[in-house]
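First the structure, in the form of structure tokens, and then the observations on it.
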Amino acid sequence: MKVWKLSEDSVNQLLDFTEVRGVNEGINKGNSLAKLWNEVEMITYSEGESADIYSIASQVTDLVLKERAANILSDLLEDKVELLPVHHNKEKYYVMNILNILDCVDIDQSIPSKYGGFKNFVFEENEIQNQHIFKTLSYNYEIQNEPFISSQTFVSDEFKQRVEEAGLQGFRFRLAWSSEPEVYVERNPQIRVTDRQDAEAHIGTFYGPIHNMIPADSNDAGDPEIYITEPTPAVPYQTLVSFGNSYFRGVTPASLDTGYAEIVMHLPADAQLTKENWENRPLGWVVPMMRHFVKEIMQRGYFIGQWLVFPNQSEEDLADTYREMFSETGVPAHTQILPYDDSTSYCGVMIVPPLPQCAEALNMPYRDEGKEMEGEWPIYFHTLLPLYREEIIHFFEKGRDSLISKLMANGVEAVYQWDRKNSCL
């Protein structure tokens with residue numbers, strides 16, 4: 020069983036009465052006001068988001084429901100809350116006068132606040148069975164021995180679920196108490212298993228039917244397998260996609276959710292790469308490059324983000340180059356940029372957005388046994404575009420935007436032509 024503190028979202032509009040009336044002060048004191056109440060007009064005290072629940076500026080702990088919300092929650096409010104009608108902008112609203120005042124706090128187990136009431140609640144479970152909305156009696160023995168009614172409003176799990184399932188807007192719930200100890204669940208751990216079936220379905224949906232798979236180079240946990248897809252009319256490339264790196268959370272700024280990732284390479288439609296011939300020239304460097312990128316770059320703490328460039332360099336040189344990535348001072352003079360092998364002039368890769376027709380492939384929700392997990396980061400599929408040495412140097416000297424303009428001069432499709440011309444010659 021759980022009990023929640025109910026309030027309205029702070030970004031909502033704030034309402035207020037058009038006049039001060041003595042009867043208003045009797046709201047939420049546990050007494051009926053129906054015979055004393057006259058419908059009144061409420062005004063917008065401060066602008067904000069439109070919602071189904073609002074607070075009252077002059078009585079901030081009192082809440083107002085839209086008629087829609089009152090109808091949806093009517094059975095849970097019955098005999099517990101008196102709905103006092105008001106109008107606002109020619110619509111009907113109801114001030115909630117909570118009649119259900121319970122002496123249900125376990126005083127010995129709860130932690131009192133120095134201002135009266137409690138900062139940590141423990142409830143008497145038998146006293147709150149089937150109590151979907153209520154206020155409590157609170158105590159402040161420094162001021163008085165008599166209990167007083169809490170300003171806070173409490174609701175049940177069922178109340179919270181009803182609000183969420185109905186899509187009511189503007190309600191805010193904070194956990195006040197749970198009868199069961201909260202089980203700690205680590206979100207986005209350092210190691211997290213990506214479901215193979217989910218990955219295969221994602222690859223097949225966005226890149227094309229899986230033709231075969233190149234096994235990992237070893238049994239090491241970080242060594243990726245590489246799927247090969249068949250060209251399709253929508254994606255006229257043979258696409259290679261790594262699998263296994265997304266088991267490990269990579270380095271990412273606090274504001275981003277890109278920690279789990281795989282990499283993607285588009286080859287010519289007629290490449291006809293298989294798990295048997297991938298070492299053959301002229302494309303024999305592609306799979307080793309992808310393996311190296313996963314193990315020596317992604318898993319060694321480099322941040323992987325769109326438009327970043329990673330030259331083919333020794334470990335020491337790459338570390339120095341990476342530090343200069345955003346300075347536009349050029350590749351450090353003492354470092355070397357080398358072709359991947361003697362059958363290609365490509366010397367590095369840029370992480371680029373997916374092809375326009377593969378835009379939705381960029382990330383895949385993380386699922387556990389088929390269920391999408393709330394709070395878990397997705398798996399990103401980063402596309403690598405091979406670059407010539409001069410293009411890499413241009414990136415570091417002239418900046419990202421300048422290189423992108425040169426690469427895109429003949430359109431997106433031209434960028435992915437395997438034998439494309441060097442854009443910086």
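Last residue of the sequence shown? That's 444 in the numbering used here, and every number before it is there in order.
Beta carbons are placed, not taken as given, at the ideal position from N, Cα and C, and that holds for glycine.
Fair warning: this is a prediction, and the values are worked out from it, not measured in the lab.
Beta-carbon gap between D289 and W396 smaller than 7 Å: The residue labelled residue 289 in the question sits at position 270 within the sequence shown. The residue labelled residue 396 in the question sits at position 377 within the sequence shown. Their beta carbons are not under 7 Å apart, which means D289 does not touch W396 by this criterion.
Bridge partners - Y341, DSSP secondary structure assignment: Numbered from its first residue, the sequence shown carries residue 341 at position 322. According to DSSP, which records beta bridges pairwise, Y341 is partnered with nothing at all.
Burial state of K109 (16 or more Cβ within 10 Å): By one-based count along the sequence shown, residue 109 stands at place 90. So K109 ends up on the exposed side.
Inter-residue spacing [alpha-carbon to alpha-carbon] between I126 and S265: As a first step, residue 126 must be located in the sequence shown, where it is residue number 107. As a first step, residue 265 must be located in the sequence shown, where it is residue number 246. Taking the straight line from one Cα to the other gives about 49 Å.
Among S26, N139, Q188, the one whose alpha carbon lies nearest that of E68: The residue given as residue 68 occupies position 49 in the sequence shown. The candidate whose alpha carbon is nearest that of E68 is Q188.
Cα-Cα separation between P243 and R310, rounded to whole angstroms: Locating residue 243 in the sequence shown gives position 224, where the first residue counts as 1. Locating residue 310 in the sequence shown gives position 291, where the first residue counts as 1. Taking the straight line from one Cα to the other gives about 7 Å.
E205 vs F400 beta-carbon contact at 7 Å: For the purposes of this step, residue 205 is identified with residue 186 of the sequence shown, where counting begins at 1. For the purposes of this step, residue 400 is identified with residue 381 of the sequence shown, where counting begins at 1. Not in contact: E205 and F400 (Cβ atoms no closer than 7 Å).
For L292, the three-state DSSP class (helix, strand or coil): Numbered from its first residue, the sequence shown carries residue 292 at position 273. It is coil, neither helix nor strand.
Distance between H285 and L469 (C-alpha atoms, nearest Å): The structure shown has nothing for residue 469, since the chain only spans 20 to 444.
7 Å Cβ cutoff met for F153 and N119: Here residue 153 corresponds to residue number 134 of the sequence shown, with the count starting at 1. Here residue 119 corresponds to residue number 100 of the sequence shown, with the count starting at 1. Taking 7 Å as the Cβ cut-off, F153 and N119 qualify as a contacting pair.
Touching by the beta-carbon criterion (3+ pairs, under 8 Å), the segment 378-398 and the segment 356-366: no
Same chain, Cβ closer than 8 Å to L102, neighbours up to 5 away in sequence not counted: Position 83 of the sequence shown, counted from the start, is the residue given in the question as residue 102. Here the set comprises L84, A89, L96, Y113, V114, M115, N116.
Candidates I72, K294, Y279, of which the one nearest Q209 by Cα: Indexing the sequence shown from 1 puts residue 209 at position 190. Q209 has its Cα closest to that of Y279, out of I72, K294, Y279.
Buried versus exposed call for M20 [16 or more other C-beta atoms within 10 Å across all chains shown]: Sequence index remark: in the sequence shown, residue 20 carries index 1 (1-based). Exposed: under 16 other Cβ atoms inside 10 Å.
Rounded distance between the beta-carbons of T63 and L34, thought under 8 Å: The residue given as residue 34 occupies position 15 in the sequence shown. The residue given as residue 63 occupies position 44 in the sequence shown. Right, the Cβ-Cβ distance comes to about 6 Å (below 8 Å), so this counts as a contact.
DSSP-derived helix/strand/coil call for C366: Position 347 of the sequence shown, counted from the start, is the residue given in the question as residue 366. Looking at C366 - three-state DSSP - the assignment turns out to be strand.
CA-to-CA distance, Q150 to R215, given in whole angstroms: Counting from one through the sequence shown, the residue named residue 215 turns up at place 196. Counting from one through the sequence shown, the residue named residue 150 turns up at place 131. Their Cα atoms are separated by approximately 45 Å.
According to DSSP, residues forming a beta bridge with V328: Along the sequence shown, one-based indexing puts residue 328 at 309. For V328, which the question treats as bridged, DSSP gives the partners M369.
Residues near P375 in its chain [Cβ-Cβ closer than 8 Å; skip 5 each side]: In the sequence shown, counting from the first residue as 1, residue 375 sits at position 356. Only V431 meet the Cβ criterion.
Distance between I323 and L422 (C-alpha atoms, nearest Å): Stepping through the sequence shown from its first residue, residue 422 is reached at position 403. Stepping through the sequence shown from its first residue, residue 323 is reached at position 304. Straight-line Cα distance between these residues: approximately 19 Å.
Inter-residue spacing [alpha-carbon to alpha-carbon] between K417 and L444: Indexing the sequence shown from 1 puts residue 417 at position 398. Indexing the sequence shown from 1 puts residue 444 at position 425. One C-alpha to the other measures close to 14 Å.
CB contact flag (I247, H230, <7 Å): Residue mapping note: residue 247 aligns to position 228 of the sequence shown, counting from 1. Residue mapping note: residue 230 aligns to position 211 of the sequence shown, counting from 1. Taking 7 Å as the Cβ cut-off, I247 and H230 qualify as a contacting pair.
Start and end residues, beta strand (DSSP E) containing K138: For the purposes of this step, residue 138 is taken as residue 119 along the sequence shown, with counting starting at 1. Taken as a continuous stretch (DSSP letters only), the beta strand (DSSP E) holding K138 covers 137-139.
Closest Cα partner of W196 within the set L337, E249, F142, M392: Residue 196 sits at position 177 when you count from the first residue of the sequence shown. If we check each option's Cα against that of W196, F142 comes out closest.
Where S93 falls: helix, strand or coil (DSSP): Within the sequence shown, numbered from 1, the residue matching residue 93 stands at position 74. Helix.
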